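Undergrad: For our numbering, add 1 to where a residue sits in the sequence shown, where the first one is 1.
Just so it is clear, CB atoms sit at the ideal spot from N, CA and C, and this is done for glycine as well.
Since the model is a prediction, treat every value here as computed from it, not as a measurement.
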Amino acid sequence: MEYYSTHINKLIEQLSHLPGIGAKSAQRLAFHIMNMPKDQVQQLTSSITGARENIRYCKKCFTLTDRDICPICSNPRRDASVIMVVENTRDLAAYEKTGKFEGLYHVLHGAISPMLGIGPDDIKLKELMMRLSQDDIKEVIIATNSSLEGETTAMYISKLIKPSGIKVSRIASGVPVGGDLEYIDEVTLLRALEGRVEL
Ligand code: ZN
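#1: Quick check: the Cα distance between residue 78 and residue 9, rounded to an integer number of angstroms?
#2: Could you check what DSSP says for residue 5 in three-state terms: helix, strand or coil?
#3: If distances are taken between C-alpha atoms only, which option among 40, 106, 82 and 84 comes closest to residue 65?
#4: Taking Cβ positions only, does residue 23 come closer than 8 Å to chain B?
#5: In the DSSP assignment, find the unbroken alpha helix (DSSP H) run with residue 163 in it and report its ends.
#6: Below 8 Å on the Cβ atoms is my contact criterion, and I expect residue 32 with residue 128 to pass it. Report the Cβ-Cβ distance as a whole number of Å.
#7: Does ligand 1 have even one heavy atom less than 7 Å from the beta-carbon of residue 56?
#8: Would you say the beta carbon of residue 90 is closer than 7 Å to some non-hydrogen atom of ligand 1?
#9: Could you pull out every residue in the same chain whose Cβ sits closer than 7 Å to the Cβ of residue 11, ignoring the five residues on either side in sequence?
#10: Which residue wins for smallest C-alpha separation from residue 141, given the options 166, 153, 30 and 74?
#11: Between the Cα of residue 164 and the Cα atoms of 133, 191 and 154, which residue gives the shortest distance?
#12: Please state whether DSSP places residue 64 in a helix, a strand or coil.
#13: Quick one: using the 10 Å Cβ neighbour count with 16 as the cut-off for buried, is residue 1 buried or exposed?
#14: Starting from residue 82, trace the beta strand (DSSP E) in both directions and tell me its first and last residue.
Here it is as structure tokens:
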């Protein structure tokens, strides 16, 4: 890449750090940006910095939001006695899109992975247990991915919650193994939710 200017090289390098962006895509994006009108580039950069500066974790469910308590947690029409545990905010969005889940969520921001050295303390698990001890929760639906990490996490959480007497269920295995929830269609997600089994 020596044949590009230092500025373009820098941009290509930064873009290639993004997930799913390889060297070729990074180059394509960099040149696309160079050809964009300056004010559009300005809008793009300010929306990136604006989002990064204003987005924080919801104090209750830990999803990404621009308020202290996210719109889902602060909606009085949601059933606060049911909590669906997901790995990330994108998974939450996938379930929200179905429009059929009326409970609240808890976003772990990851999954337990002994191989990657990610333990229970590295995800928002203590925070979940805190919620369960403080609020009146009747059911916890574990909707982590069906990957090895997702299953490990589900098992770990269910063992942790079981003694409290709160009902713990796992979404049905209609979700393809290792499939990221956000790529699964709404019908499959609904079926997985409706066919959940008690652990
Ligand atoms: Zn929330």
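TA: Quick answer:
#1: 50 Å
#2: coil
#3: Here the closest residue by C-alpha is 106.
#4: Included in the structure is just one protein chain, with no chain B present.
#5: Per DSSP, residue 163 belongs to no alpha helix (DSSP H) and is neither H nor E.
#6: About 43 Å separates the two Cβ atoms, so there is no contact after all.
#7: no
#8: no
#9: There are no such residues.
#10: 166
#11: 133
#12: coil
#13: Past the edges of the chain, shown from 2 to 200, lies residue 1, and the structure says nothing about it.
#14: 80-87
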